[in-house]
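To convert, note that position 103 of the sequence shown is 104 in this note's numbering; the numbers rise steadily by one, no gaps. Below: one structure, written as structure tokens.
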Amino acid sequence: MCKKSLAAHGSQSPLFLRRVRMSELKSLYEVADAFARDANVSKAESEVRYRRSVLDPEAFWREVAQDFEWLRAPTRIKNTSFDLNDFRIRWFEDGEMNVSVNCLDRHLADNGDKTAIIFESDDPNAPARTLTYKELHAEVCKLGNALRNLGVQKGDRVSIYLPMIPEAAIAMLACARIGAVHSVIFGGFSANSIADRVADCGSKLIITANEGARAGKYTPLKKNVDDALNLPGTTSVQTVLVVRHGPSTVDMQMPRDRWYDAVMDGQPETCAPEPMNAEDPLFILYTSGSTGKPKGVLHTTAGYLIYAAYTFKTVFDQKPDDIFWCTADVGWITGHSYVVYGPMANAATVLMFEGVPSWPNASRFWEVVDKHKVTIFYTAPTAIRALMREGDAPVKRTSRKSLRLLGSVGEPINPEAWRWYYDVVGDARCPIVDTWWQTETGGILISPIAGATAMKPGSASLPLPGVQPALVDAAGTLLTGEAEGNLVILDAWPGIMRTVYGDHQRFIETYFKTYPGMYFTSDGCRRDADGYYWITGRVDDVINVSGHRLGTAELESAIVLHPSVSEAAVVGYPHDLKGQGVYAYVTLKEGVEADDALAKEIVALVRKEIGPIALLDQLQWAPALPKTRSGKIMRRILRKIAENATDQLGDTSTLADPAVVDQLVADRKNH
Ligand code: PRX
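Laid out in structure tokens, this is it:
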């Protein structure tokens with residue numbers, strides 16, 4: 002997006018943003034003495050670290066990097082510039098390491114028998130399965146060998162489309178072991194989305210399961226892969242490995258399809274780790290942006306791992322006995338950084354949960370906490386709001402005594418939900434870390450450090466060491482002191498993405514051109530008098546539904562595939578549970594009659610095209626869409642109508658046909 006268009010955009014976008022109430026800015030929860038006493042980082046230490054990290058990032062990250070196992074220790078630490086004439090992001094660039102060695106092998110001597118993964122099935126009556134670090138290491142090695150036998154080599158791409166089962170972590174780490182680049186695809190994506198992602202990166206192999214379970218319902222994962230591989234552009238795939246999970250039978254297409262357990266059988270439990278340069282790719286993860294199809298965010302080896310590991314240990318005040326439960330699916334960045342890489346680089350015990358918060362009942366999360374004595378619990382505001390709606394009783398009938406720390410991620414947490422999380426779930430004992438970050442950032446950038454940072458409900462608080470946020474106005478002028486504007490980051494941190502896979506120009510255009518010399522987050526933000534950051538939401542055309550990113554362009558492209566549709570525009574609107582909901586305006590072709598059956602067909606089509614996560618919450622027939630004289634859709638107006646704030650439409654005089662708006666407003670009232 003060029004600067005000019007953003008300026009226009011900047012003036013339109015805050016429509017949707019959360020308004021931070023003045024009284025909220027002052028509500029402060031000091032760190033409890035009891036927590037501070039044993040915390041890894043004190044308030045004073047966090048301030049010293051921050052200053053050091055900004056004044057001398059080289060020295061700061063050199064020291065952090067010493068805690069990792071290197072095949073060749075780096076001598077060059079930071080070689081980065083956001084200057085468009087001299088753009089480069091390289092961290093630890095002459096170092097060599099293997100990520101799986103850092104997550105597994107180096108723990109074997111002291112922590113080999115420590116539990117690495119506790120797996121809690123969707124079915125509450127199924128026995129929990131655990132893997133020690135030794136066992137996890139053995140599984141990863143076996144799969145690494147199996148993949149090599151199947152012809153997967155360093156640099157090859159492997160897609161992973163699995164439920165939340167230990168094999169997902171094993172698959173990621175096995176790729177890391179042999180230097181293959183994984184691309185995890187969330188199980189809620191459809192065959193078309195799989196095909197797009199496979200085609201974009203040219204995967205050689207896919208690891209899937211016969212099915213996945215959520216709330217007692219089954220998703221036919223292998224069947225979705227079969228359908229995807231019947232679509233154009235997917236011929237790069239030579240092998241499909243199928244994990245047996247759940248009772249359903251599947252068609253195996255030989256010789257392409259292989260059972261996971263069959264290829265693992267007899268493999269040695271050691272596997273030579275591939276030496277990887279610090280800047281060799283580790284994984285690709287697709288995420289939605291303002292325009293076009295989802296882009297392949299590429300993260301590399303050492304910078305990503307060190308950043309995920311450092312932020313995990315720091316933010317969550319991790320101790321050796323902690324049982325850490327991050328409820329995110331490994332299909333998202335939160336699952337990558339805080340189910341797999343961050344915790345495992347720290348020899349933590351993680352809980353992986355295949356199910357959902359509210360099934361078989363609204364106590365499930367807390368029953369799992371009690372069952373496995375979870376100490377740190379990290380989830381999304383949308384889950385908290387949904388559980389809050391069920392009242393306190395489902396929480397109160399569980400103990401939760403093991404909990405000592407709570408976390409939030411994915412979207413702004415409204416202060417009401419924050420307080421409920423704090424008072425009811427945490428019994429007013431557990432600090433909350435509200436962690437702001439993005440797929441692109443690799444790890445948490447703005448968050449309280451548990452035990453060190455006083456909390457304000459609804460604020461992600463302060464930047465972590467090495468992170469230099471700033472606010473700019475639409476013209477790119479830096480704002481000082483208390484201010485509200487667009488959030489940018491001024492200098493690189495080790496976990497920042499390195500490129501958009503196969504399209505470096507798109508990377509530069511998307512993140513560094515809007516405000517030259519700065520990384521643009523596409524989030525709006527307010528900074529209060531104490532320097533605390535309050536993320537207000539996306540200022541681009543990304544809709545954050547229950548903490549999942551959906552691009553309006555993707556949704557619109559799916560809708561217009563319907564033969565009866567001539568045009569569509571999608572916007573986000575505030576949704577009590579999901580944070581944002583999807584509101585679609587649909588214009589039909591001449592002569593087509595609008596009715597409920599057609600609306601259902603369109604909703605089903607979008608679900609088929611993108612996946613069950615792409616739900617159109619509201620669909621309004623639009624005889625026409627409001628456009629400027631140059632033909633640009635005026636989303637600002639559409640957002641206001643969706644929000645039911647039709648008294649705030651603002652200036653409509655630049656529209657080609659202002660009557661279009663009157664019609665939409667009238668229809669909205671009857672909607
Ligand atoms: O708008 C911000 C919101 O989620 C976006 C990033 O989404 P994604 O790449 O899918 O990563 C989600 C998990 C890291 C951001 O641009 N967001 C994420 N965390 C928070 C948040 N908004 C407010 N507060 C947060 N803690």
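Every residue gets a Cβ at the ideal spot worked out from N, C-alpha and C, and that includes glycine. In this text the structure is predicted, and so the values were computed from the model without any measurement.
Annotated as distal: I377 and T350, with beta-carbon spacing of 8 angstroms or more. In the three-state scheme derived from DSSP, where H, G and I count as helix and E and B as strand, Q154 is classed as coil.
The closest heavy atom of the ligand PRX lies less than 7 angstroms from the beta carbon of N545. Contact between the stretch 267–286 and the stretch 96–109 is present: 3 or more CB-CB pairs across the two stretches fall below 8 angstroms.
By the Cβ-count criterion, Q581 is buried, with 16 or more other Cβ atoms from all chains shown falling within 10 Å of its own Cβ. Not a single heavy atom of the ligand PRX lies less than 7 angstroms from the C-beta of V434. Restricting attention to P627, A139, G443, K372, the CA atom closest to the CA of F313 is found in G443. Restricted to the stretch 339–398, the beta strand (DSSP E) segments that are unbroken, complete and at least 3 residues in length are 350–354, 377–380, listed in chain order. Between the ligand PRX and E417, a heavy atom-to-CB distance of less than 7 angstroms is absent. Distance check between F190 and each of D424, L222, Y261, P464 places L222 closest, using alpha-carbon atoms only. For K44, the enclosing alpha helix (DSSP H) has its first and last residue at 44–56. Look at V489: its beta carbon is at least 7 angstroms from all of the heavy atoms in the ligand PRX.
Ranked by how close their Cα comes to the Cα of Y423, the residues E441, K457, A273, A129 have K457 in first place.
Collapsing the DSSP output to three states places R178 in a helix.
Residue environment analysis places P233 among the exposed positions, since fewer than 16 neighbouring C-beta atoms fall within 10 angstroms of its C-beta.
Exposure of N86 is indicated by the presence of fewer than 16 other C-beta atoms within 10 angstroms of its C-beta. Measuring C-alpha to C-alpha distances from K79 to each of W92, F88, W71, E140 identifies W92 as the nearest. The way I'd put it, the stretch 158–177 does touch the stretch 114–128; three or more beta-carbon pairs between them come closer than 8 angstroms. Separation of the CB atoms of V566 and A585 is rounded to 10 angstroms, and the pair is thereby denied contact status at 8 angstroms. Residues A471, L472, V473 of the same chain have their beta carbon placed closer than 8 angstroms to that of L479, with the five preceding and five following residues left out of the count. In this structure, the straight-line span from the alpha carbon of V340 to that of A192 is close to 25 angstroms. Take the alpha-carbon of V185 and the one of T288: they are about 11 angstroms apart. For F36, there is no enclosing beta strand (DSSP E); the enclosing alpha helix (DSSP H) has its first and last residue at 34–39. DSSP places H138 within a helical segment (H, G or I) once states are collapsed to three.
Measuring C-alpha to C-alpha distances from M519 to each of P256, D322, V468 identifies V468 as the nearest. By the criterion of a C-beta distance shorter than 6 angstroms, W260 is surrounded in its chain by V243, once the five residues flanking it on both sides are discounted. Looking at G217, L206, K218, A216, the one whose alpha-carbon comes closest to that of V226 is L206. If you draw a 10 Å sphere on the C-beta of L578, you find fewer than 16 other C-beta atoms in it, and that means exposed.
In this model, E485 and V21 are separated by some 10 angstroms (Cα to Cα).
Partner residues in the beta bridge of A585, as assigned by DSSP, are V571, L620. For the ligand PRX, a non-hydrogen atom lies closer than 7 angstroms to the CB of V410. Around the beta carbon of Q621, 16 or more other beta carbons sit within 10 angstroms, so the residue counts as buried. The C-beta distance from T629 to G290 rounds to 23 angstroms, too long to fall under 8 angstroms, and the pair is not in contact. If you ignore the 5 residues before and after L589, its C-beta comes within less than 8 angstroms of the C-beta of S565, V566, S567, A595, L599, W622, all in its own chain and listed in chain order.
Contact between the stretch 152–160 and the stretch 247–260 is absent: fewer than three C-beta pairs spanning the two stretches fall below 8 angstroms. DSSP, read as helix, strand or coil, puts R257 in coil.
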